[in-house]
Structures are given as structure tokens and as C-alpha cells.
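Below is one structure; the comments refer to it alone.
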Amino acid sequence: MFSFAKKAVEIAEKNKAAFGDIRIIETRRQTLSVKNGEIGALNDSVTLGFGVRILFAGAWGFASSDIMTSREAERVTKLALCIAKAGSSLKERAVRLAPEPAYQDFWQTPFITDPFSVPQEKKLDLLFAVEKVLRKDHKVRSSVANMTFIREHQWHMTTEGSRIEQVLLSSGAGCLATAVDKGSIQNRSYPSSHGGQTLSMGYELIENLRLLENAERVREEAVALLTAPACPGGNKDLIIYGNQLAMQIHESVGHASELDRVLGYEESFAGSSFATTEKLGKFRYGSPLVNLMADATLPGGLATAGYDDDAVKAQRWHIVKDGILSGYMTNREFAGRIGRDRSWGSCRADGYGNIPITRICNLSLMPGGIPYEDLIRDTKDGIIMENNKSWSIDQKRLNFQFGCEAGWLVRNGKKTTLVKNPTYQGITPQFWNSCDAIADEDSWRLWSVTNCGKGQPGQTAMMSHASSPARFRKVKIGVKA
Amino acid sequence: MQNHKTICERIMRLAGRIRAEAIITSVNSSLTRFADNVISQNVSNASTEISVRVLENGRVTRFSLNQPSESALKTAFAAALAALRTQKKDPRLMPLPEPGPSIESTKLYFHGTAAMPPKDRAARVAAVIKKCRKAGAVAYGAYETGSTAVTVANSLGVRAFHKESSAVYSVTVRDKDGFGWAEAPAFDAGEIDFDRLDRTAMEKARLSRAPRSIKPGPYTVILEPAAAADLLFYLGFYGFGAQFYQEGQSFVSGKLGRKVMSPEITLEDDALGGLSAGMPFDYEGLPRQKVTLIESGVARAVAHDRKTAARAGTRTTGHALPPPNTYGPVPINLSLAKGSVSLKEMIRNTERGILVTNFHYTNLLKPLTVEITGMTRNGTFMIKNGRIAYPVRNMRFTESAVEAFNRIEAVGDKQEAFIQWGRVAAPALKIRGFNFSSSTEF
Numbered sequence: 002m003f004s005f006a007k008k009a010v011e012i013a014e015k016n017k018a019a020f021g022d023i024r025i026i027e028t029r030r031q032t033l034s035v036k037n038g039e040i041g042a043l044n045d046s047v048t049l050g051f052g053v054r055i056l057f058a059g060a061w062g063f064a065s066s067d068i069m070t071s072r073e074a075e076r077v078t079k080l081a082l083c084i085a086k087a088g089s090s091l092k093e094r095a096v097r098l099a100p101e102p103a104y105q106d107f108w109q110t111p112f113i114t115d116p117f118s119v120p121q122e123k124k125l126d127l128l129f130a131v132e133k134v135l136r137k138d139h140k141v142r143s144s145v146a147n148m149t150f151i152r153e154h155q156w157h158m159t160t161e162g163s164r165i166e167q168v169l170l171s172s173g174a175g176c177l178a179t180a181v182d183k184g185s186i187q188n189r190s191y192p193s194s195h196g197g198q199t200l201s202m203g204y205e206l207i208e209n210l211r212l213l214e215n216a217e218r219v220r221e222e223a224v225a226l227l228t229a230p231a232c233p234g235g236n237k238d239l240i241i242y243g244n245q246l247a248m249q250i251h252e253s254v255g256h257a258s259e260l261d262r263v264l265g266y267e268e269s270f271a272g273s274s275f276a277t278t279e280k281l282g283k284f285r286y287g288s289p290l291v292n293l294m295a296d297a298t299l300p301g302g303l304a305t306a307g308y309d310d311d312a313v314k315a316q317r318w319h320i321v322k323d324g325i326l327s328g329y330m331t332n333r334e335f336a337g338r339i340g341r342d343r344s345w346g347s348c349r350a351d352g353y354g355n356i357p358i359t360r361i362c363n364l365s366l367m368p369g370g371i372p373y374e375d376l377i378r379d380t381k382d383g384i385i386m387e388n389n390k391s392w393s394i395d396q397k398r399l400n401f402q403f404g405c406e407a408g409w410l411v412r413n414g415k416k417t418t419l420v421k422n423p424t425y426q427g428i429t430p431q432f433w434n435s436c437d438a439i440a441d442e443d444s445w446r447l448w449s450v451t452n453c454g455k456g457q458p459g460q461t462a463m464m465s466h467a468s469s470p471a472r473f474r475k476v477k478i479g480v481k482a
Numbered sequence: 036m037q038n039h040k041t042i043c044e045r046i047m048r049l050a051g052r053i054r055a056e057a058i059i060t061s062v063n064s065s066l067t068r069f070a071d072n073v074i075s076q077n078v079s080n081a082s083t084e085i086s087v088r089v090l091e092n093g094r095v096t097r098f099s100l101n102q103p104s105e106s107a108l109k110t111a112f113a114a115a116l117a118a119l120r121t122q123k124k125d126p127r128l129m130p131l132p133e134p135g136p137s138i139e140s141t142k143l144y145f146h147g148t149a150a151m152p153p154k155d156r157a158a159r160v161a162a163v164i165k166k167c168r169k170a171g172a173v174a175y176g177a178y179e180t181g182s183t184a185v186t187v188a189n190s191l192g193v194r195a196f197h198k199e200s201s202a203v204y205s206v207t208v209r210d211k212d213g214f215g216w217a218e219a220p221a222f223d224a225g226e227i228d229f230d231r232l233d234r235t236a237m238e239k240a241r242l243s244r245a246p247r248s249i250k251p252g253p254y255t256v257i258l259e260p261a262a263a264a265d266l267l268f269y270l271g272f273y274g275f276g277a278q279f280y281q282e283g284q285s286f287v288s289g290k291l292g293r294k295v296m297s298p299e300i301t302l303e304d305d306a307l308g309g310l311s312a313g314m315p316f317d318y319e320g321l322p323r324q325k326v327t328l329i330e331s332g333v334a335r336a337v338a339h340d341r342k343t344a345a346r347a348g349t350r351t352t353g354h355a356l357p358p359p360n361t362y363g364p365v366p367i368n369l370s371l372a373k374g375s376v377s378l379k380e381m382i383r384n385t386e387r388g389i390l391v392t393n394f395h396y397t398n399l400l401k402p403l404t405v406e407i408t409g410m411t412r413n414g415t416f417m418i419k420n421g422r423i424a425y426p427v428r429n430m431r432f433t434e435s436a437v438e439a440f441n442r443i444e445a446v447g448d449k450q451e452a453f454i455q456w457g458r459v460a461a462p463a464l465k466i467r468g469f470n471f472s473s474s475t476e477f
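Here is the structure:
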């Protein structure tokens, strides 16, 4: 593939581009699902294509294609150059990339069992078995079990001399029961909502998830939620667990710390950020307990790779350190705007057909020092919420509202009544400053976001957010329509 | 763009006696994005996806790829057939649909829009940046042009082809701490009134400077068409898909023929004409029908594909979505019938209320009442005594769309089209008692 890539790099050099790169990507994706006793999805997909980025006269041009011929590589590279020239007439400052050494390297996701080598029949047998258990109560009107496996083989070549080959692998699975009765609908999922758990691993993840062992509980909880009391309203201590805390991190810290957004480059679409650059190193984002670490080297993380799509080597850095805003998600274009001479390396593209943009890396809330059981024991009047059901946050990432699948009231240190439709609202810095306890590393685990949308044209990215359950004091609970 | 006919013939030849259904989608998309009064991103993408469903003796599988060569397709077919033969039979598997007349739809395709060069988009963007610089304001937005072609074909002879061009111009203007926005899609870029959109966004930004905080709570609202379209999308998706209906997950489940909304509301799914027009067939290659979902407040019908139609003992309305999906058929060309009141009159007739330009980051809370939350964005104003009194800081709403559409006071006299997941054509709406649950800091 590098001999194909060479054509684009040569044209970029010949035309005196300040920078040029080509990414050739072959993606295999297998999706399987069983819904209501039938195959819902069974798809094996392979795509191959390339995208060329040219920086010319201080402006970017990008073009891509799935026609893998030398002539097409030439056409696409010249188109990217032509687009860059069109954009250069309207620039106020020339794009300058933060320096990075050139690398010649191969990197791949560690795994034990290649999921594509596992027979489809075995996967479907497990999904049918799980789904059958979910469906055993007539109130469960929709039951789904699903798996997805993705292998992305990348060849990245730059005019700076980098030649990076990477093979990124992810596996995911989950199940969802939807119970319906008397004007009420309730969902319960395992291990998490929005498709389940996905990690950068092989089929060993599926074996470790114990989907079948959890299916009965999922069904029973979905049905129990139908008749559970509604989540009470008021200000209560909130303990967040499961992928809900991942969503909280993602929406109120992850996106807020994307430097392109902070600088206004997403204003017209997804919005900007309150975490502006003059606050770096000073702003109290959360309580001193709060440490949020971006980490492209995190084992199992969905944003874990050897290099990002700017050809920057994977790094680990604080976004929030001891409660203070301490870093951003960066690419090479914008890193210089905050006085850095190197990008933290969080620039990624969705497949071959999209230009790399600043993305949330794996971003984790680091564990505290208290066992989870003690955290509950220490809570007088609170509520535990688990697994995200709905999410919404304003265009500066301040006012948010989340809904969860299930809540449990905590009274005098004991987890008691199951409640339905739990929701909470808050304002980002006040919320993170109300964090007064984080469970220890025994309950610290990774959760996945597989559908993070950003940019125009829209791009999807995956990342992980690890956390232990955490407690937030006096949060507005139970929002009514 | 790859030649769909050639690819189809290759697929059907390779399938031989095995039943096959092919969906081929080619997209050419070019987008010029601007921010901070400069072009910030300039891209072009061409791609083709070939998705093939293979059926044999009660078994089914699907493969997809983007390389249409004989060898790539042969390899994919071989793997699919091997996978197919290890499966258990599914007695409920439906056979492929029988063909009707072939469909060839090209009337929404305009070559000048599909093949617009980057310099033309840059010139358009330069125009709005120039205006904003002159006014001391800042422009953000995107101008996207391109085309999409879809072919659906099967071994039994179904052949349907659709090609459309598209242009979407979206502009956000910041004037100090005020924001304004305007957007329009068109199949023919020549139909977009760019200057009007620029003026609207700039004027809203100027008027929304120095917004005041107000207390959240129930207010009469006037939703401009973009905000109304956002709510309609949720109503259409969660309310009028036959699978959700059959699973009891829709607010109209068991209520067809009954009043579910204000008599002011007539909602159709119409891919065949008007501002919601689009592909005239579905992803099984069957003709789309115009479906009246709500007629003067009474629930009339839901959107079907062949599977849900068979369960309901009726005929498909041609709403099958691209597989695989877990939603079943849903209406994606929604059109809310216009009323008789202009936006200006709505404002003039309002003693106290809030004018909402657009919503941001809306999301569903409860499907059965279509309870939604989201933020106001890009121009939210207090109306007092029939006039826009002052801009207000953005607020979060938490509201049941079903209940809100039972409190309609007026429907606007002009539809505008927006691209959601599909197309939504909506007029402005005036709704009383709309619930704002909290506010934000800007």
C-alpha cells in the first residue's frame, strides 16, 4: 500500500505543499443482532479507500476516493491541492503545524482471539440464547442482543517522512430488553446502553461479558421498572455508575476540552465551549478530588493507538488535575495557539473519506480512595443512577440534562427502592465541584462511547471513559415535563 | 460515480440461482466550512457502498463492500454463501419482493449543483464573510454541495434508481454576545436565497446581543420552522413507524382513528412532492406512498414496510429503511400542513411569550409521550404586547411533544424545509404552556 501512497506524497512535494499526507484505510466490520427471535442484522462489510490532505499557501484541502488506481490517486491529490488553493484566498492566518518527529512504525491492538476467526454460527447461537431469555416475560415487547467487530488497517504516509502502519481492532456486545405495559415503556440493558460494551480487544471480551448470565436480571429489572415508583424530585446526593458516568465525562469534559471547539471552529454546528484558553491552568473545573486523564495508551481504550491521524505518537496527559483545567484535546494545527510546541495527539478521522479533526481521546476519571460499598454507606439521602438513556447539553457545554435507565434510592447508607425514569440537571463546573467522593480502583473500569458525532460532514468516532462510581452533592433530580 | 447498472448486472450474474438483493449508494460530497471569518475546512469525498442481501432456502445473510470489481464481489459472495449454509432456517423470512414497473428518478438532480467547483463555494463564503467583517460581526457555517445516487435491485427483477443533487447553506453569525442563524437546503443551489439567509442571521445576532435572564417555567412559545421541525422529527420517528406501533411503543398504538392532537395539525409523509420530496421508492425498491399520518388532529395511519404490513394484514406503504436497523419502517419525508397565520401576525397576537429560532441537542426522554429535552439556540426573544421586547438567555425545555401539539394556538402560513434524518417541511407554530425547565449562562 505504501507504494500506492507514494504517488500522492510525490505530487504534494512536487507542488511545494507545506505538508501533505495520505491515509489508506481498509475496514472490515461485522454486525450481528437478534431481535424478537429473528436475525435483526447480519452484515459483513469491507471498505477500502484513501484520503489525501494538502496544506498549501497556509490553507487545507482534502479529497478522498474509493477507486484504488494510480490515476485516481493523482486526480484526488490534485483536487485536494485545488481545494486548498480556493481556501487560501480567505485566510487570516496561515495554518502552521506543531512539529513532530517522523516515524516509521507498525502498531496493532493487542488481542487474544481474532473475532473474525470465530464462526458466525457460534456468535449467533449466543445471541439467540441471550435474546430468548430476555423475551421470557410477555411484557418484554422488544428484545435485542447484538455484537459488532471492527478491524481498521491503516497506512499513513506524510511528506515529513512518516510511514505508519496500524491495525486497530475492537469488539463489542450487549443486550437490551424493552418492557411495555399500561402506558409505560422501560428499557434495561447490559452491560450498558447504546449497543453494549465495546473495547479494543478480541473475542475474549465477548466471553468475559457473561451476557447469558446477566440476561435474566436485565429482563426482570425492565419489567420491575414498569411498576416502580417515579424518581422523586428535589436536590439529592447523586451517585453515578455505569456508562452514565462515562456519558457525563464525555459530554461535560470531553467535548468541552476539544481545542478546535474552544477556539470557535465548531460554533456553527455542535457549538463552542465555556472552557476557554485563558482558563488553562487556573480554572477550578471540579473539586480537588477530580482528576481527568486523557490517555491514548490506555489498554482496551477505543481511542488507543500508536499514533493519531496527524502522525503524532500516543500520549497521556491531564485535562483536569486536582480539579484545575490543565489541558485540551489537540491537533497539530491548533496546539500552537495555547503556546505548546507539540500536539497532545488527539486528531482522528472517521475512515478514509473524512479529514482528521480534533477528537476526544480516551478520557477517564481517576479513582478515589473509598470502596464503593463505603461510599453508599456514607450517603444519607441520595440516589444511584445507572446506564444512560438520554442526554442533552447546551452549545457551550454548561447546562446538561441526563436520563438514566434505572435509579435506586439510598437512605441512611442503604441502597433501597428501585425508581423509574431518573433524570438530573446541572451546570458543568458547579456539578464537578460538587463531587465529594470517588470510589477506589477496585470498581474502576472502562466504558465505551461508539457513536460520538462531530463535524461537517458528520464523522463518528469511538473512545473509552474509565471511572469508578462517584458522588455529587445536592444535584437537581427528577425533572418534570 | 461508479456505474450502478454494471455493478448490478455483475452482482446478479454472480448470484446465479441464489436470490440476491442489492442496494448501491454513491455519494459525492464537497463542503466548505467557515469559522471566525475564514474558511476553516474544505473537503471533497466520493464513495460508493454496495450492500447485498443473499437468501437461500429460508436463510439470509448480508455483505457490503465498496470495491465493485469482479474479484472483490466473488470473494464476498463466497464468504456470504459459506456463512449462509451454517445458519438455521428462519420460517418467518420473507421472500424478495416481486417487481412492479422499473423506477428511474432523476428530476431532483441538477448537474451544476452536483459538480460545483470549490472556487464557487469559496466565492459564496467570501460574500458572507465580507458582510460580517464590515458589520463587526463574525461568520461561521458551511456550504455543502454534491449528489447521491441509489439503486435497489433484486433477482426477481426489481429495479429502482434515484439520483439527486443537494446544496445546504448554513450560516451562524456572532455579533458581540449575540448569535443568529439561518439555513436552507435545496436540490438546486440556484434556488437558495443566500442574501436573505445572511441578512436573517446577521439581524438575529444583532438583536440578540446582551440577553437577559428570565425564570424558567411554562411560556407561550412561537417556534420558528426550524424549531418546529426538530419536534416533528421525534413525533414522526417514534410515533408513526409500524414496528414501534406494533410493539406498543408509539403514542398512537391502538389509537388510529382517534383524536391525538390539536385539530390544527395535519401531518403527512410525502416523498413524492413538495418541500419534503426525496427518493420515490424504499430500500426494498418499492414505490413510496404519500401517507396521511394525522388528519386534523386524528391519527390515521403509520408507515409500513412489507414485514410490518404482513403482520398488520395490510400493504406496505414503501417505507423500508436501509438494513440492518432495529427501528423498522419510519416516515422520513414529513410535511406538516401550513396554516393561515404569518409569523409576524403570531408575534403581533402574543401578549407575553418567547420566540425560539432553533433548538440544540434535543433528545428523547419518554417515547410514549414523545417527551423531549433540548436547549434554545441562536436567537431567543421575549415577546411582550405583540412585539419582540428583548433577547433572553438560552433555556432548556423538557416537554412532551404530544401534549404540546395538543396546545397549538396557531400554525404558520409558510413551510420551510430542513434536513433531519430525512426531510421535514414545517411551518412556524404557536404553542401555549411550553415547559422550560432550566436556564443557562449565555
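As they're listed, the protein sequences go chains B and Y.
What the first sequence shows, in the numbering used here, is residues 2 to 482, in sequence order.
What the second sequence shows, in the numbering used here, is residues 36 to 477, in sequence order.
Heads up, the beta-carbon is just placed ideally off N, CA and C, and yes, glycines get one too.
Cβ of residue 45 of chain B within 8 Å of any chain Y Cβ: yes
Taking Cβ positions only, does residue 148 of chain Y come closer than 8 Å to chain B? no
Thinking C-beta only, is residue 39 of chain Y closer than 8 Å to residue 58 of chain Y? no
Curious, which full-length beta strand (DSSP E) runs of at least 3 residues does the segment 323 to 393 of chain B contain? 364 to 366
Looking at residue 404 of chain B: is its Cβ nearer than 8 Å to the Cβ of residue 379 of chain B? no
Can you name, in chain order, every residue of its own chain whose Cβ lies under 8 Å from the Cβ of residue 238 of chain B, other than the five neighbours on each side? 380, 381, 382, 383, 384, 411, 472, 473, 474, 475, 476
Outcome for residue 178 of chain Y when other beta-carbon atoms lying within 10 angstroms are tallied against a minimum of 16: buried
Contacting residues, own chain, Cβ-Cβ under 6 Å from residue 199 of chain B (five flanking each side not counted): 171, 173, 449, 451
Residue environment, residue 396 of chain Y, which counts as buried when at least 16 other CB atoms sit within 10 Å: buried
Less than 7 Å between C-beta atoms, sequence neighbours within five positions excluded: which residues of the same chain meet that for residue 241 of chain Y? 210, 213
What would DSSP say about residue 209 of chain B, mapped onto helix, strand or coil? helix
Inside the segment 345 to 413 of chain Y only - beta strand (DSSP E) runs reaching at least 3 residues: 368 to 371, 387 to 401
Residues of the segment 335 to 362 of chain Y whose Cβ lies closer than 8 Å to any Cβ of chain B, in chain order: 358, 359, 360, 361
So, under 8 Å CB-CB, residue 240 of chain B and residue 470 of chain B are touching, yes? Tell me the CB distance rounded to an integer number of Å. 6 Å
Please list the partners that residue 95 of chain Y has in chain B, where partner means a Cβ-to-Cβ separation under 9 Å. 40, 43
Looking only at DSSP bridge pairs, what is residue 466 of chain Y linked to? Y/256, Y/443
Below 8 Å between beta carbons: does that hold for residue 293 of chain B and residue 325 of chain B? no
For the segment 287 to 316 of chain B, which residues have a CB atom closer than 8 Å to at least one CB atom of chain Y, in sequence order? none
At least 3 beta-carbon pairs within less than 8 Å: the segment 146 to 153 of chain Y vs the segment 104 to 115 of chain Y: no
What does the alpha-carbon distance come out to for the pair residue 98 of chain B and residue 311 of chain B? 9 Å
Residue from B/209, B/155, B/356, B/368 whose Cα sits closest to the Cα of residue 308 of chain B: B/155
Enclosing alpha helix (DSSP H) for residue 32 of chain B [first to last residue]: Not the alpha helix (DSSP H): residue 32 of chain B falls in the beta strand (DSSP E), residues 20 to 36.
Who are the neighbours of residue 395 of chain Y on chain B, taking C-beta pairs under 8 Å? 272, 395, 396
Contact under 8 Å by Cβ, residue 268 of chain Y with residue 437 of chain Y: no
Which same chain residues, not among the five before or five after residue 370 of chain B, have their C-beta less than 6 Å away from its C-beta? 441
Alpha carbon to alpha carbon, how far is residue 234 of chain B from residue 418 of chain B? Give it in angstroms, no decimals. 15 Å
Determine the burial state of residue 455 of chain B: buried for a count of at least 16 other Cβ atoms within 10 Å of its Cβ, exposed for fewer. buried
At a Cβ threshold of 8 Å, is residue 73 of chain Y touching chain B? yes
So for residue 284 of chain B, helix, strand or coil by DSSP? coil
May I ask which residues mark the beginning and end of the alpha helix (DSSP H) holding residue 433 of chain B? 429 to 434
To the nearest angstrom, how far is it from the Cα of residue 128 of chain Y to the Cα of residue 56 of chain Y? 14 Å
When Cβ atoms are compared, which residues of the segment 119 to 138 of chain B fall closer than 8 Å to chain Y? 120, 121, 122, 125
Please confirm whether residue 64 of chain B has its beta-carbon closer than 8 Å to some beta-carbon of chain Y. yes
Look at the alpha carbon of residue 7 of chain B and the alpha carbon of residue 79 of chain B, and state the distance between them as a whole number of angstroms. 14 Å
Close Cβ partners of residue 166 of chain B (< 6 Å) along its chain, the five nearest in sequence each way excluded: 107, 156
Taking Cβ-Cβ distances shorter than 8 Å, what residues in chain Y pair up with residue 153 of chain B? Those within 8 Å of residue 153 of chain B in chain Y number zero; the least Cβ separation is about 14 Å.
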